[in-house]
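Peer 1: As they're listed, the protein sequences go chains A, B and C. Sequential numbering from 1 applies to the first sequence in full-length UniProt numbering. Sequential numbering from 1 applies to the second sequence in full-length UniProt numbering. Sequential numbering from 1 applies to the third sequence in full-length UniProt numbering. By construction, the Cβ of each residue, glycine as well, lies at the ideal position given by its N, Cα and C atoms. First, the structure itself, so that you have it in front of you.
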Amino acid sequence: MDPSSSSAVPESAEPPVPAVPEKVEKVTVMLQAVGDAPILKQRKFKILPTNDIAWLTATIRLMLKLTPDKSLFFYVSHTFAPSPDHTFDVLRKCYAVKGADGSNEVVQLQYSTTPAWG
Amino acid sequence: MSEPGDSYRKLIIDRLKDVAQKNKQISIFYSNYSKLAEQVEKSMNNVPARSNGSVQGSEELACLRNEMSELYREKCQNDQMLINANHKITDLEKKTAAMVIERDKLGQVSKTICAKYAHTEVELQRIKTDNDQLNDERIALVAAVNMLTKQKLDMENDRINFLNKIRELNEQKIDCMNAEVDLQERRRSLKVQEQILSAVQDVSKDEKVAAMLNATAETNSKGNLLLGDSVPSHVEFSLECEVGEVNDVHWLNEDTFATAGSDRMIKVWKWDGYGGSTKINTLTGSNAAFTRIDYTAERLHLIASSNDKNIRVWDLKSSRLLSTLSGHADQVLCVKYYQAHTAVSGSADRIVKIWDLQNERCSRSIFPGSKVLDVATNMCGSPSLFVTGHYDKKLRFWDGRSSEAVKVIEMAGKITSINVSLSGEEILISTRDDTITLMDLRSFQTVHCYSAENYRTSSDTSQVVFSAGNEYVAAGSANGGIFIWNKNSTKLEKSLPTRTEHSIFSLSWNPTGCGLLSSGKQKAVVLCK
Amino acid sequence: MDYEVCRKVWESQVPVQFTLHSNSALGDPLPFYTMLPRYSFLALAVPRVLAYFNRREDGEKIVIDQIWLEASGSPAKMYAPVGVLYDLQNLERDQILEITVKTSSPPPGFVPIDRNAMEAIFMQSIKEADYLKTKAATTNNMQKEEYAQLWRSVTNNNFDEYWTIIQKLMEEKDGKEFDHIPLRVCMKNKPFKQILISSKDKSGSLITIGDAIAQVLEDSAVADPSDFRITSHGIDVPPHTPLIFAAKNMAYPDNFVHIVVVPKL
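What follows is the structure in C-alpha cells.
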C-alpha cells in the first residue's frame, strides 16, 4: 500500500518512480511553427516522459522570450491542443509517429501564438 | 466480481442510485446550511440597521434585498438570453443586409432586362411596319408579274403561230422547188429523146455503122470497156499512201483511182499497169477525216463526205474545190450523186439531206430517226428512188418527194453498206451479223445470202461490191482477208489474204473487171489481181 | 446509448466546501457549501463562490485573477472534472471535497482558468477524444452552433440539450467502429495515463474495463492491477463492464472515460 495515497504529502516530496530509476528513455519531440509564431533555433528536443505540456509551455515561452500578455498554444496532428497536464509519456504512447528513418518515434507538435484549428 | 451477462449495467445503476441517495441527504444539509448562513448574514447586516431604524424597516430591507438578489439573478438569466438574442439579431441583420444587396443587384438586373425588353419591343414594331411595307410592295409586284406573264403568254402564242406559218411557207417553197426540178428534168429528157430520135434516124440510115457498133466490145453502163471479170489471185502491189485509216477507195477509170481517209486529203493516183503507181492529184479542204467519196459519170466532179459535218465537191481536172455544203449537225457518213445536179447524204445526226449542187444548198431534209450508215442511188425503175441503210438495222427506200419512206425492210443487223449493181436491179447489203444479202429491187425479195467461216464484217461502214461484170461479190473482213463469192451460186470463190491483218473498210473493182483495190485500217491500199 | 445510465451519471453530484483563506483584517467569512455536478469544473463554480465571499459590504472584493485553489494541500486543477477531483481524494462516500481558496501568491505553474479558457480546454478535449475515436472525422463536420450548444448544456445543466448533441459524438459513423477508446486512468498524485486501446481485442471479443486497466498499468511500476479498485463517478465499476459501454455511457462531457484507480484497503 502506497503511503502517499492517503496522506496529503506535497507532490515534490514524492519520488517520481518508486523503483530504482532505470535508464529512462527520453521522448523525441519535433516542434513546428505555425502561423506567425517565431521560429525556434532548435526544433528537435529530447524531453523526459514525466514532463508535461504545462512545463513545455513555460520552457518554450522562455525560449521565445514571450511577454506574459502573449499566448502560446501547442497542437497535435494539426487538430487539437493537449491539456496542460498531458505528459510526454502519454503523448508518445498515443500520438508519436515513426521518424523519417523509420527508427525513432517522434512526437510532432505544432505551436502557435494565436489559436489555430478552432 | 463474477456477475453473469450484462449485469454490470444493473450494478452500475444501483451503485449510482446509492451514491445519489447519499448525496441527496448532503444536499439537504447544504440547502439548510445556506439558508441559515443567509439568515446569519442578514442578522449581521441588520445590526447597524437596527440602530438607525426599526426592525421592521431592516426586515423589509432584507426582504427587498432578497427580492433584489432574486431580481439580479433573473436579470442575469435575462441578460444571458438578451445576449443570445442580440447575437441572433446581428446574425439576422447580416443576412438581411446580404439579402438587400442581393435584391438590389437583382433589381439592377431586372432594370437592364426591362430596358432591353423595351428596346426589343420598339425594334419589333419597326420590323413590323417594315414588313407591312414590304408585303404591300410584294403584292404590287405579284400583280405586275401576273400581268407581264399574261402578256408573255400571248406573245408566245403569237410566236408559235408565226413559226407554224413560217414552216408552212417553207414547205410550200420546197414543194415549188421540187416541182421546178421535175419540170427541168422532164424538159431535159424530152430534149434527149429528141436527140436520140434524130440520132437513131441517122444511124438507121447507115446499116454498116450499126453493124460495126454491134461488133464492138461490150461496154458497161458507165461506158468502160469490159474485158470480163477475173477473180484476183495475188496481191499485185501495196501502196503506202495515207497517214492513218483509208476509209474509201474508188477506181475513177481503168488506171486512176482515188483514196480518202483520216489524213484529211483525197489523193488521186495513176496506176502504171505493172506494179506501181504515182500520185497525180491531191484534193484538200477538210478539217477532219473523209468518210466516203463518189464521182459523176463523166469523171468531172468528185464529192466527198467528211467527219467535219461538211460535204465538199471538187473539179477533178483543175483540182479546185467547187463548193462546201454545210448543214449536218454531226459527222457525215455517206454521200452519193443522185439525180442531175443533186446529191444525197446521210449523217450520224439521223438526217438524210438532198443537196442542190448548182445553188450549193440543201433542198430537202428527211428525218428517218436513225443514224444513216450508207446511201445508194442509181436504181432501176424510178431514177428518184434511193435507199438508206441504218444503224437500227432498217433499210429504208425513198422516192425523193415524199417525206415518208416508200418501203422499210428490217435486216438482221446494222447495215454497214449498200451496193447497187450496174444494171440497177439488184443491191448488195452488208450487215453487222457477218452476212451479205443480195436483194432483188423489183420484188424487194432477198435472193441470196453470202457468208463464210472466217468472214467478219470489219466495221460499221465496211463495204461490199459487185464485180465489174456482175459475176462476183467481194467483201473485206475484219482480219484483213478479202472474200469473193460467186454471185449466182453463192460459192466462196476465193479467200484472199492481204499482207495486213487489219480490218478492210473499202473495196473497188476495176471497171475492166481485172484488179480489186482494197483499203482499210492500215494506211495501205492493196491492189489484187 | 443507454439513456438511463447517462442520465444517472449526469445527475450525479458531489458536495464541495469552499473555504476562503484571505489575510483580511475582518477575518474570513464562513465557508461556502454547495453541491456541484460531477461533470462540472471548478472554473465554472468559482465565480459563484467569489460572489458569496464578496457579499459582505465592508469586505475587500476578491477577483478571480488573485486567487488559487488548493485541495488536500496540492494545487487543484480548475479544468479537471469535479467528479475526478473528488474520486482522486479517495474520500469516503459521505465526505465532502474541501477546496481552499487562497489569495496568497500562487505556486509556479498554477494558471487561473476563467470561463472562456475553460471552454477552450473543454473543446480541445472533445477534439482529442474524437481524434482517438474517428481521426476527428465527427468534430470536423460539426457546426459551430453545435459546439456552442454542447457548452451551453454543460454550463446551464441542461441534460436534454446535452443528450441531443452527445449522441452524435458517441455514435459510430457508417458502422465503422471507433479506432481507439478515449480512456484516462488517474492515480492520486500522479499524472494520468492514457494509451491507444481499441474496443475489441485481436480475436474480436470485447475488451472489458478490467482488461483495459491492466493494459494501461502494464508498463508502470505499480503492483498487481487486481489490488486496485476501479472507480468512476463515485462507484466501483464492475471490471467485466465492456470498455465500449463505458466509453458511450460513462464518459464525462469532455468525452473521456476517467477511471480513478484506488489501492484496495
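Among residues of its own chain, excluding the 5 on either side of Ser5 (chain A), which ones have a beta-carbon nearer than 7 Å to its beta-carbon?
Peer 2: Looking up residue 5 (chain A) in the first sequence gives position 5. For Ser5 (chain A), the predicted structure reports a pLDDT of 40, less than 50, and the residue's modelled location is therefore unreliable. A value from the coordinates is still provided. The answer is none, since no qualifying residue turns up.
Peer 1: Starting from the Cα of Glu254 (chain B), find the closest Cα among B:Ala468, B:Ala37 and B:Phe505 and give me that residue.
Peer 2: Counting from 1 along the second sequence, the entry for residue 254 (chain B) is found at position 254. With distances taken between Cα atoms, Glu254 (chain B) lies closest to B:Ala468.
Peer 1: Do we get a CB-CB distance below 8 Å when we pair Leu124 (chain B) with the residues of chain C?
Peer 2: Here residue 124 (chain B) is taken as the residue at index 124 of the second sequence, counted from 1. At a cut-off of 8 Å between beta carbons, Leu124 (chain B) makes no contact with chain C.
Peer 1: So Ile209 (chain C) packs on Ile197 (chain C), CB below 8 Å; how close in whole Å?
Peer 2: Counting from 1 along the third sequence, the entry for residue 209 (chain C) is found at position 209. Counting from 1 along the third sequence, the entry for residue 197 (chain C) is found at position 197. 11 Å between Cβ atoms; not a contact.
Peer 1: How would you list, in chain order, the residues of chain A whose beta-carbon sits under 7 Å from the beta-carbon of Glu146 (chain C)?
Peer 2: Looking up residue 146 (chain C) in the third sequence gives position 146. Chain order gives no chain A residues near Glu146 (chain C), where near means a beta carbon separation below 7 Å; the closest approach is about 12 Å.
Peer 1: So Leu441 (chain B) and Ile415 (chain B) are in contact, right, with Cβ under 8 Å, and what is the actual spacing, rounded?
Peer 2: On the second sequence, position 441 is the one that residue 441 (chain B) refers to. On the second sequence, position 415 is the one that residue 415 (chain B) refers to. Under the criterion of beta carbons closer than 8 Å, Leu441 (chain B) and Ile415 (chain B) do not qualify as touching, at roughly 15 Å.
Peer 1: Going along the chain, which unbroken runs of the beta strand (DSSP E) with 3 or more residues stay wholly within the region 127-189 of chain B?
Peer 2: none
Peer 1: Find the residues of chain B that neighbour Tyr33 (chain C), judging by a C-beta separation of less than 7 Å, and give them in chain order.
Peer 2: For the purposes of this step, residue 33 (chain C) is identified with residue 33 of the third sequence, where counting begins at 1. Near Tyr33 (chain C) (Cβ distances below 7 Å), the residues of chain B are Tyr30, Tyr33 and Ser34.
Peer 1: Identify the residues that DSSP records as bridge partners of His250 (chain B): which are they?
Peer 2: For this step, residue 250 (chain B) is matched to residue 250 along the second sequence. Paired residues: B:Ala258.
Peer 1: Rank B:Ser230, B:Thr388, B:Asn419 and B:Ser384 by C-alpha distance to the C-alpha of Asn486 (chain B) and give the top, closest one.
Peer 2: On the second sequence, position 486 is the one that residue 486 (chain B) refers to. Checking every option, the nearest Cα to that of Asn486 (chain B) belongs to B:Ser230.
Peer 1: Looking at Leu88 (chain C) and Val260 (chain C), is the spacing between their C-beta atoms short of 8 Å?
Peer 2: In the third sequence, residue 260 (chain C) corresponds to position 260, counting from 1. In the third sequence, residue 88 (chain C) corresponds to position 88, counting from 1. In this structure, Leu88 (chain C) lies closer than 8 Å to Val260 (chain C) by Cβ.
Peer 1: Using a Cβ-Cβ cut-off of less than 8 Å, list which residues of the region 12-31 of chain C approach chain B; keep chain order.
Peer 2: Ser12, Gln13, Val14, Pro15 and Leu30
Peer 1: What separation, rounded to the nearest whole angstrom, lies between the Cα atoms of Lys88 (chain B) and Ser153 (chain C)?
Peer 2: To locate residue 88 (chain B), count along the second sequence from 1; it is residue 88. To locate residue 153 (chain C), count along the third sequence from 1; it is residue 153. If you take the alpha carbons of Lys88 (chain B) and Ser153 (chain C), they lie about 18 Å apart.
Peer 1: Look up Ile113 (chain B) in the DSSP assignment and give the residues it is bridged to.
Peer 2: Mapped onto the second sequence, residue 113 (chain B) falls at position 113. Its beta-bridge partners do not exist; DSSP assigns none.
Peer 1: Buried or exposed: Thr87 (chain A), going by 16 or more other Cβ atoms within 10 Å of its Cβ?
Peer 2: Locating residue 87 (chain A) in the first sequence gives position 87, counting from the first residue. With 16 or more Cβ atoms within 10 Å of its Cβ, Thr87 (chain A) is classed as buried.
Peer 1: Can you check whether the CB of Thr291 (chain B) is closer than 8 Å to the CB of Ser306 (chain B)?
Peer 2: As a position in the second sequence, residue 306 (chain B) is number 306, starting the count at 1. As a position in the second sequence, residue 291 (chain B) is number 291, starting the count at 1. In contact: Ser306 (chain B) and Thr291 (chain B) (Cβ atoms closer than 8 Å).
Peer 1: Report the rounded CA-to-CA distance for Pro82 (chain A) versus Ala54 (chain A), giving the unit in angstroms.
Peer 2: Position 82 of the first sequence, counted from the first residue, corresponds to residue 82 (chain A). Position 54 of the first sequence, counted from the first residue, corresponds to residue 54 (chain A). If you take the alpha carbons of Pro82 (chain A) and Ala54 (chain A), they lie about 10 Å apart.
Peer 1: Over what stretch of residues does the beta strand (DSSP E) that includes Phe444 (chain B) continue unbroken?
Peer 2: As a first step, residue 444 (chain B) is located in the second sequence; it is residue number 444 there, counting from the start. No beta strand (DSSP E) holds Phe444 (chain B); DSSP gives it neither H nor E.
Peer 1: State buried or exposed for Gly276 (chain B), treating a residue as buried only when at least 16 other CB atoms are found within 10 Å of its CB.
Peer 2: Within the second sequence, numbered from 1, the residue matching residue 276 (chain B) stands at position 276. Gly276 (chain B) comes out exposed.
Peer 1: With DSSP collapsed to three states, give me the class of Ile101 (chain B).
Peer 2: Here residue 101 (chain B) is taken as the residue at index 101 of the second sequence, counted from 1. Helix at Ile101 (chain B).
Peer 1: Between which two residues does the alpha helix (DSSP H) carrying Asp160 (chain C) extend?
Peer 2: Working through the third sequence from its first residue, we reach residue 160 (chain C) at position 160. Looking at the DSSP string, the run of the alpha helix (DSSP H) that includes Asp160 (chain C) is Phe159 to Met170.
Peer 1: Answer yes or no: do Glu453 (chain B) and Tyr472 (chain B) have a C-beta to C-beta separation smaller than 8 Å?
Peer 2: Looking up residue 453 (chain B) in the second sequence gives position 453. Looking up residue 472 (chain B) in the second sequence gives position 472. Not in contact: Glu453 (chain B) and Tyr472 (chain B) (Cβ atoms no closer than 8 Å).
Peer 1: Quick one, which of B:Gln445, B:Lys393 and B:Asp294 has its alpha-carbon nearest Asp315 (chain B)'s?
Peer 2: Along the second sequence, read from residue 1 onward, the residue named residue 315 (chain B) stands at position 315. For Asp315 (chain B), the nearest C-alpha among the options comes from B:Asp294.
Peer 1: Going by alpha carbons, who is nearest to Glu4 (chain C) out of C:Val257, C:Met250 and C:Val262?
Peer 2: What you label residue 4 (chain C) is simply residue 4 of the third sequence in a count that begins at 1. Checking every option, the nearest Cα to that of Glu4 (chain C) belongs to C:Met250.
Peer 1: Note down the Cα distance separating Asp91 (chain B) from Thr19 (chain C), rounded to an integer number of angstroms.
Peer 2: Sequence index remark: in the second sequence, residue 91 (chain B) carries index 91 (1-based). Sequence index remark: in the third sequence, residue 19 (chain C) carries index 19 (1-based). Answer to the nearest angstrom: the Cα atoms are 43 Å apart.
Peer 1: Would you mind telling me which residues of chain A sit closer than 9 Å to Tyr86 (chain C), beta carbon to beta carbon, in chain order?
Peer 2: Reading the third sequence from its first residue, position 86 is the one you call residue 86 (chain C). The contacting residues do not exist; Tyr86 (chain C) stays about 15 Å from chain A at best.
Peer 1: Nearest to Lys17 (chain B) by CA position, among C:Val262, C:Val185 and C:Arg7, is which residue?
Peer 2: Reading the second sequence from its first residue, position 17 is the one you call residue 17 (chain B). Out of C:Val262, C:Val185 and C:Arg7, C:Arg7 has the C-alpha closest to the C-alpha of Lys17 (chain B).
Peer 1: Given a cut-off of 8 Å on the beta-carbon distance, is the pair Thr259 (chain B) and Gly285 (chain B) in contact?
Peer 2: By 1-based counting over the second sequence, the position of residue 259 (chain B) is 259. By 1-based counting over the second sequence, the position of residue 285 (chain B) is 285. Not in contact: Thr259 (chain B) and Gly285 (chain B) (Cβ atoms no closer than 8 Å).
Peer 1: Here's the rule: buried if 16 or more other CB atoms are within 10 angstroms of the residue's CB, otherwise exposed. What is Asn419 (chain B)?
Peer 2: Here the question's residue 419 (chain B) lines up with position 419 in the second sequence. Under this definition Asn419 (chain B) is a buried residue.
Peer 1: Flag Arg9 (chain B) as yes if its beta-carbon sits less than 8 Å from any beta-carbon of chain C, otherwise no.
Peer 2: For this step, residue 9 (chain B) is matched to residue 9 along the second sequence. Yes, contact with chain C.
Peer 1: Could you give the first and the last residue of the continuous beta strand (DSSP E) run that contains Thr79 (chain A)?
Peer 2: If you number the first sequence from 1, residue 79 (chain A) lands on position 79. That residue, Thr79 (chain A), is in no beta strand (DSSP E); it is neither H nor E in DSSP.
Peer 1: For Ala212 (chain C), is the classification buried or exposed, using 16 other Cβ atoms within 10 angstroms of its Cβ as the cut-off for buried?
Peer 2: Against the third sequence, residue 212 (chain C) aligns to sequence position 212. Label assigned to Ala212 (chain C): buried.
Peer 1: Less than 6 Å between C-beta atoms, sequence neighbours within five positions excluded: which residues of the same chain meet that for Arg229 (chain C)?
Peer 2: Position 229 of the third sequence, counted from the first residue, corresponds to residue 229 (chain C). Cβ within range, chain order: Asp236, Val262 and Lys264.
Peer 1: Pull out every residue of the region 81-100 of chain A whose Cβ sits closer than 7 Å to any Cβ of chain C, in chain order.
Peer 2: Ala81, Pro82, Ser83, Asp85, Thr87, Val90, Lys93 and Cys94
Peer 1: Work out the CA separation of His341 (chain B) and Ser477 (chain B) for me, nearest whole Å.
Peer 2: As a first step, residue 477 (chain B) is located in the second sequence; it is residue number 477 there, counting from the start. As a first step, residue 341 (chain B) is located in the second sequence; it is residue number 341 there, counting from the start. Rounded to whole angstroms, Ser477 (chain B) to His341 (chain B) spans 35 Å at the Cα level.
Peer 1: By the DSSP assignment, the beta strand (DSSP E) with Arg361 (chain B) in it spans what residues?
Peer 2: Along the second sequence, read from residue 1 onward, the residue named residue 361 (chain B) stands at position 361. Residues Arg361 to Ile366.
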